[in-house]
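Have a look at the structure below before the remarks.
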Amino acid sequence: MSLTLVHFRYLLLENLRVPIGLVSAAVFPALSLLFFVLPFDFGDDPVAATTAVAQLTVFAVLSSFLFTFGVGVADDREKSWDPYLRTLPAPIWPRNLGGCSPDSRSR
Numbered sequence: 239m240s241l242t243l244v245h246f247r248y249l250l251l252e253n254l255r256v257p258i259g260l261v262s263a264a265v266f267p268a269l270s271l272l273f274f275v276l277p278f279d280f281g282d283d284p285v286a287a288t289t290a291v292a293q294l295t296v297f298a299v300l301s302s303f304l305f306t307f308g309v310g311v312a313d314d315r316e317k318s319w320d321p322y323l324r325t326l327p328a329p330i331w332p333r334n335l336g337g338c339s340p341d342s343r344s345r
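If you use this note's numbering, the sequence shown corresponds to residues 239 to 345, in order.
In structure tokens:
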């Protein structure tokens, strides 16, 4: 198993212990759709409805990546485990790619 998949697996197991990250990843995009798309009359125009849902999908993915990755890196830097991981003879990219999945770094 590659280092990236191993790191992703352990981050996912760690985040399953804190389910609010998984719940928020599912609830916030749904609430955005409820408040910002459904009140408007996009149901008559399939192109507008598809565009609105696609925009919310992009928003959900990008915000999840941005916030969870940024907060996760900052959180890792303050823990004593991160300096130890930096001393290991593995490159940095498995840790970064393993932490890029949505909500794999939020705690």
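By construction, the Cβ of each residue, glycine as well, lies at the ideal position given by its N, Cα and C atoms.
query                                                                                                                 : result
Buried or exposed (CB count within 10 angstroms, at least 16 for buried), T295                                        : exposed
Cα-Cα separation, S318 to S301                                                                                        : 27 Å
Reduced DSSP category for V265 - H, G, I as helix; E, B as strand; rest coil                                          : helix
Selection from I330, I258, T242 and A290 that minimises the alpha carbon distance to L272                             : A290
Delimiting residues of the alpha helix (DSSP H) encompassing S240                                                     : Where S240 is concerned, there is no enclosing alpha helix (DSSP H), given that its DSSP letter is neither H nor E.
Classification of G310 by the beta-carbon crowding that lies within 10 angstroms, buried from 16 upward               : buried
Helix, strand or coil at V285 [DSSP, three-state]                                                                     : helix
Nearest to A298 (by Cα), restricted to the options G259, P267, L251 and L335                                          : P267
Residues of its chain near A286, where Cβ-Cβ distance is below 6 Å and the 5 sequence neighbours each way are ignored : F280
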